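Okay, so here's the structure we're looking at.
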Amino acid sequence: MTTFFAEHAWLDGGVTRGVRITVHSGRIAAVQASGPRRGDVPLPGLVLPGFANTHSHAFHRALRGRTHDAAGTFWTWRERMYAVAARLDPDSYFALARATYCEMALAGVTAVGEFHYLHHAPGGRPYSDPNIMGHALRAAAREAGIRLTLLDACYLTGGIDQPLEGPALRFGDGTVLAWAERVAALGADEFSLIGAAIHSVRAVPRDALPEVVDAAAGRPLHMHLSEQPAENEQCLAAYGVTPTQLLADAGAFSVQTTAVHATHLADADIGLLGGAASSISICPTTERDLADGIGPARRLLDAGSPLTLGTDQHAVIDLLEEARALEMDERLATGQRGRFTPDQLVSALTGQHALGWHDAGRIAPGARADLVAVRLDTVRTAGATPDQVVLAASASDIDTVVVDGRMIVSSGRHVLGDIGSQLSAAIAPLWA
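Here the sequence shown is numbered in the working numbering, starting from 219 and rising by one per residue.
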């Protein structure tokens, strides 16, 4: 049993000063307002529940700082992404993912949703173990010390009525049945859950969507949704409805569903998502990096869709920045300040429900002992009140991260050592 003492802690209802958090077997056993006692482990600054990164493509981390083109688009960026995908094997995938997940841990992430579609060997040939790439991701998260929800993606076509080709052949299983049978061979454990994903309406034909939804029953189901206007235009041309309506007709939306991006929505689309209480994974730093646009986050929340945050292609891995950008993008789009309260931003930061970890995301008895201590005395946070530090702090201000009661970051350093060097070593061969 370990007892942590927090100078300030974000409990239900807001910030409480002076909190002792007792942890037993990875769970919070007791939370009490108190002064420190002998033997307590001090947690400086403000202690928040563990952050949930609800949308990640780990191998995209290799693209950071290499894709800036004066006339580039999402589609030219995608060609660079395909080039990296073509070069990865299980060992290099593991090394890159482990270092990327360590970077997430340094940023306060205690659980990640990995939107996994890099399944097979070049040319689409299955490995002798058809899930070896997924196993690499699970092992990487375990060593990095964070939990993982493997959102194994069904990916059948290279566009509406277009076959997979080139590097994208690695993504596909051929049929929904083959995809479902492969995923069924995976099993959850203490550190990872198995979810499902519809890559997009470009990658899964209309007739196949209900099959994927049925195969994913009882598990988290994620999908890219209306990230680009071109996606909407193609869907309307092929099917006569928006991507949201197409997915709704297939029964895809429920409280277990998370729509990623949801940037370019019609009013009716917002109503469909909110009416189903489906979550939304907003990825502001990716959406601005790829010039995708600013989505209707506030309207989605008002309609009934819980908001969560993801770092997607990892142009930045900083969930505090994602939370702040949620508010700042709304300010740019509407000309109004205070679109989200700090409590709503913290809820988005800690949206573990979208990953199936319903016993995490709160500092309360019975919850998983996920704790993130953000310093209040750095050059960025000095002078900020604890209840508004989410609007001032960055990942660099995170001092301590505890996952399931285990301290994996202390004094801003990961237990696995120099993560920058590990990232460099994992990325360099992919561009050699």
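Built from N, CA and C at the ideal position, the CB exists for glycine as well. Bear in mind the structure is a predicted one, so any value in this text is a computation, not a measurement.
Relative to the alpha-carbon of residue i, which residue among the options has its alpha-carbon at the smallest distance?
i, options, result
"S472", "N450, A434, C501 and V459", "A434"
"D230", "R245, Q562 and A643", "Q562"
"R316", "H338, G352, G390 and S346", "G352"
"G489", "T462, D547, A227 and P438", "T462"
"T568", "F269, A224 and E361", "F269"
"L336", "C320, G290, H417 and A329", "H417"
"D485", "A585, D520, Q474 and Y373", "D520"
"P423", "E332, P381 and Y311", "P381"
"P192", "I581, A455, I500 and V394", "No statement about residue 192 is possible, as the shown extent of the chain runs from 219 to 650 and does not include it."
"L374", "A362, A359, E361 and G342", "G342"
"L369", "L355, G376 and A362", "L355"
"A625", "G458, V478 and G326", "The sequence shown places Met at residue 625, not Ala. Ranking the options by Cα distance to M625, first place goes to G326."
"G584", "H226, E408, R235 and V249", "V249"
"S252", "G630, R235 and G377", "R235"
"P344", "P308, G623, P254 and M322", "P308"
"S639", "V459, E408, T318 and S243", "T318"
"T291", "C372, P447, A227 and P262", "P447"
"G513", "M322, A247, L538 and A477", "A477"
"L454", "V627, I378, A494 and P560", "I378"
"E408", "S243, S629 and G601", "S243"
"R360", "A371, M322 and A396", "M322"
Is the beta carbon of residue j closer than 7 Å to that of residue i?
i, j, result
"G528", "H278", "no"
"A181", "R245", "Absent from the model: residue 181. The displayed extent of the chain is 219 to 650, so no value can be given."
"R388", "H338", "yes"
"V607", "L324", "no"
"A566", "R282", "no"
"A615", "T596", "Note on residue identity: the sequence assigns Asp, not Ala, to residue 615. Yes, they are a contact pair."
"A406", "R437", "no"
"G492", "G522", "yes"
"V621", "I364", "yes"
"T599", "A610", "yes"
"E210", "T504", "Any answer about residue 210 is impossible in this case: the structure gives the chain only from 219 up to 650."
"A304", "L648", "no"
"S497", "A613", "no"
"I637", "C320", "yes"
"H275", "Q531", "yes"
"C233", "D487", "The sequence given here places Val at residue 233; Cys does not occur at that position. No, the Cβ-Cβ distance between V233 and D487 is not below 7 Å."
"A515", "L525", "yes"
"A362", "Q570", "no"
"I500", "L550", "no"
"Q474", "L439", "yes"
"L464", "V419", "yes"
"P385", "Y311", "no"
"A644", "A358", "no"
"H367", "G392", "Correcting the residue identity first, residue 367 is Thr in this sequence and not His. Cβ distance not < 7 Å, so T367 and G392 don't count as in contact."
"T285", "R296", "no"
"T266", "W293", "What sits at residue 266 in the sequence shown is Leu, not Thr. Against a cut-off of 7 Å, the Cβ pair of W293 and L266 comes out as no contact."
"D467", "P502", "no"
"E383", "G376", "yes"
"R593", "P262", "yes"
"V302", "C372", "no"
Let me know the secondary structure DSSP gives residue i once reduced to three states.
i, result
"V619", "strand"
"P560", "helix"
"D370", "strand"
"M546", "helix"
"S410", "strand"
"V327", "strand"
"V233", "strand"
"M322", "helix"
"W228", "strand"
"T552", "helix"
"H242", "strand"
"M219", "coil"
"I364", "coil"
"R316", "helix"
"G341", "helix"
"S614", "helix"
"G257", "coil"
"G377", "strand"
For residue i, would you say it is in contact with chain C, using Cβ-to-Cβ distances shorter than 7 Å as the test?
i, result
"W575", "No chain C is present in this structure, which holds just one protein chain."
Cβ pair count under 8 Å reaching 3, the segment 254 to 265 against the segment 548 to 556: no
Contiguous beta strand (DSSP E) assignments of at least 3 residues, all confined to the segment 456 to 539: Segments of the beta strand (DSSP E) lying fully in the segment 456 to 539: 475 to 479, 497 to 500 and 525 to 527.
Within the segment 262 to 314, ranges of the beta strand (DSSP E) (whole runs, at least 3 residues): 269 to 274
When you compare the segment 401 to 419 with the segment 335 to 351, are there three or more beta-carbon pairs, one atom per stretch, that lie closer than 8 Å? yes
Secondary structure, beta strand (DSSP E): runs of 3+ residues fully inside the segment 385 to 454: 410 to 416 and 439 to 443
Could you tell me whether the segment 219 to 227 touches the segment 236 to 250, using the rule of 3 or more Cβ pairs below 8 Å? yes
Stretch pair the segment 492 to 511 + the segment 573 to 584: three plus CB contacts closer than 8 Å: No: fewer than three Cβ pairs fall under 8 Å.
What are the uninterrupted segments assigned as alpha helix (DSSP H) that are 4 or more residues long and contained completely in the segment 574 to 649, given in chain order? 637 to 649
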